[in-house]
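Yeah, the sequence shown ends on 352 if you go by UniProt numbering, and it's all consecutive.
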Amino acid sequence: ADSQALYADLRTTLFTCIRACADPDPEELSAFTDLYGPLGLLLTFQVANTEDCTPKLQAHVEEFLQTFGLSNAEIKIHLKFKWGQQTLERDLRVKRKSRVAMGDQPPLTFDVTCSAQPPWAVKERWCHGGHPVRGGRLALSIPPPAMDQGVFGDLRVQFVTLLRPCVLQYPNLPTELTHIQVLVYSPSNVPVPAPSHFFSSLPAALDCQQLGLDRIHCSSYKDLVHSGVVFTVEQEHWDDPVHESAHVPVQQSLLLFLFLQHDDPFISEVTDFIAAEMLIEHHLEDILSNNRQAITAAVQTELCNCLKAQNRRKKRQETLKSAAAVILSSTISIVSSSSNTDFRNTCLNSMK
């Protein structure tokens, strides 16, 4: 009964461009369950205006579901589009998962699949996933306009970071961070649009020197697909036309999850939970701006903690590089000053 009420409410409140849809064909549904197992939830809807059913819309829906699956990896999603005589199916399965305890909240299972290929110097033990790390939790104050609209109770944000690909097995492998993607999730763990004004001004408030980065700027804001905001990290050597293949660093990306958590003792019905979350999403820009200083400091801390290993690796490599130059210079001096021809030839051949 609760699932039926939820489904009905979703149809009437969240999908403004859809209309009633006939039930799936029983034989087709039976064949599907035989292949994939029993259904946990079947959500079907029909677009009212068939002109809206474009490849762009399909891409938006698919990307939204992929973003949803990043922190709901235990849920198997099968997406099927039908328009005219055409059918498009996507089986959004997760290859690698990682379960993270969330304190007093239910644990989350993350999709840590990483498609990055190992560099040529790596022969084995390459990690094909990532390791999400639960960070701090920050209490948020609710601004008066949101309270006037009915947002009450306790509101918090839980931070989780995921750096990919993992290079922990190779401490001497050079790396560089290229992108930071910020994803915001509602209290029911559904991705919501990241407020553009708040996050577009965030890079200017971060201490890049403390993070060990040169510059961060907002490169894209993907509000339509609920896949967050992307920051590009620029490094000084990016403008160099040529890199030696042996010294090309492994490019990494960082996912920063912001999970909103909301507790209101006066809410008990499913429809009330949905209404409260819609209000929070509607006022999210104001809520984040009202807590700007605290959130900025928390993001700075999370990024620092996540990039500690990378910065230590970078300093260690700089030390080794400086030492190698001194060692090489001294070795060449010793070899070249030797009067023993056999010794010089043996050393030079070994150095080649």
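Idealized CB from N, CA, C, for every residue including glycine.
Proximal residues to Lys-95 (C-beta, below 7 Å), its chain only, five neighbours per side dropped: Contacts found: Thr-113.
Element boundaries [beta strand (DSSP E), containing Leu-173]: Unbroken run through Leu-173: none, as it is neither H nor E.
What's the C-alpha gap between Gly-69 and Gln-293? Straight through space, the alpha carbons of Gln-293 and Gly-69 are spaced by roughly 30 Å.
Less than 7 Å separating the beta-carbons of Val-192 and Ser-186? Yes; because the gap between Cβ atoms is below 7 Å, this pair is in contact.
Please name the residue, chosen from Arg-137, Cys-166 and Gln-169, that lies closest to Asp-154 on a Cα-to-Cα basis. Per the Cα distances, Arg-137.
Quick one: what's got a C-beta closer than 7 Å to Asp-263's C-beta in the same chain, skipping five residues either side? Result list for Asp-263: Gly-153 and Asp-154, in chain order.
Rounded separation between Asp-342 and Ser-329 - CA only: So the alpha carbons of these two residues sit roughly 20 Å apart.
Strictly by DSSP, which residues pair up with Ala-204? Paired residues: none, contrary to the question.
Local Cβ density within 10 Å of Thr-87, reported as buried at 16 or more and exposed below that: Answer is exposed; the Cβ neighbour count stays below 16.
Taking the C-alpha atoms as reference points, what is the distance between Ser-336 and Asn-345? Ser-336 and Asn-345: Cα-Cα distance of roughly 10 Å.
Starting from the N-terminal side, write out each stretch of the beta strand (DSSP E) that is 3 residues or longer and does not extend beyond the segment 84 to 170. Listed in chain order, they are 86 to 92, 97 to 102, 105 to 111, 133 to 140 and 154 to 164.
How long is the line joining the alpha carbons of Pro-241 and Pro-118, rounded to whole angstroms? Here the model assigns Pro-241 a pLDDT of 48, short of 50, so the residue's position is not dependable, and the following value carries that caveat. Cα-Cα distance, rounded: 23 Å.
Spell out the partners DSSP gives Leu-43 in its beta bridges. Beta-bridge pairing links Leu-43 to no other residue.
Rounded to whole angstroms, what's the CA-CA distance from Phe-257 to Phe-159? Just pull it up for me. When rounded, the separation of the alpha-carbon atoms in Phe-257 and Phe-159 is 6 Å.
Three or more C-beta pairs under 8 Å: does that hold for the segment 204 to 220 against the segment 299 to 307? Counting Cβ pairs under 8 Å, three or more are found: they touch.
Distance between beta carbons of Gly-212 and Asn-311, contact taken as under 8 Å: The beta carbons of Asn-311 and Gly-212 sit about 4 Å from each other, so the pair counts as a contact at 8 Å.
Tell me the rounded alpha-carbon separation between Ser-188 and Val-233. One C-alpha to the other measures close to 31 Å.
Look up His-197 in the DSSP assignment and say whether it is helix, strand or coil. Here DSSP, grouped into helix, strand and coil, assigns His-197 to helix.
What distance in whole Å lies between the Cβ atoms of Phe-198 and His-217, which are believed to be in contact at a cut-off of 8 Å? Going by Cβ atoms, the distance from His-217 to Phe-198 rounds to 15 Å, so no, they are not a contact pair.
So, at 6 Å on beta carbons, what are the nonlocal neighbours of Ser-98 in its own chain, with the 5 sequence-adjacent residues on each side left out? For Ser-98, where only same-chain residues beyond five positions count, the Cβ hits under 6 Å are Phe-110, Val-112 and Pro-132.
Cβ of Gly-130 within 7 Å of Cβ of Leu-162? Yes, they are a contact pair.
Alpha-carbon to alpha-carbon, Gln-235 and residue 415: Since the displayed the chain opens at 1 and closes at 352, residue 415 lies outside it and no answer follows.
Thinking just about the alpha-carbon of each residue, which of Ser-30, His-283, Ala-59 and Ile-77 is nearest to the one in Leu-41? Comparing alpha-carbon positions, the option among Ser-30, His-283, Ala-59 and Ile-77 lying closest to Leu-41 turns out to be Ile-77.
How many angstroms separate the CA atom of Glu-285 from the CA atom of Ser-196? About 8 Å.
Per DSSP, what kind of secondary structure is Trp-238 in: helix, strand or coil? Its pLDDT being 48, under 50, Trp-238 is placed unreliably in this model, and the coordinates cannot settle the point.
Leu-224 (DSSP reduced to helix, strand or coil): Since pLDDT at Leu-224 reaches only 42, below the 50 mark, its modelled position is unreliable, and the value read off the structure follows with that caveat. Three-state result, Leu-224: coil.
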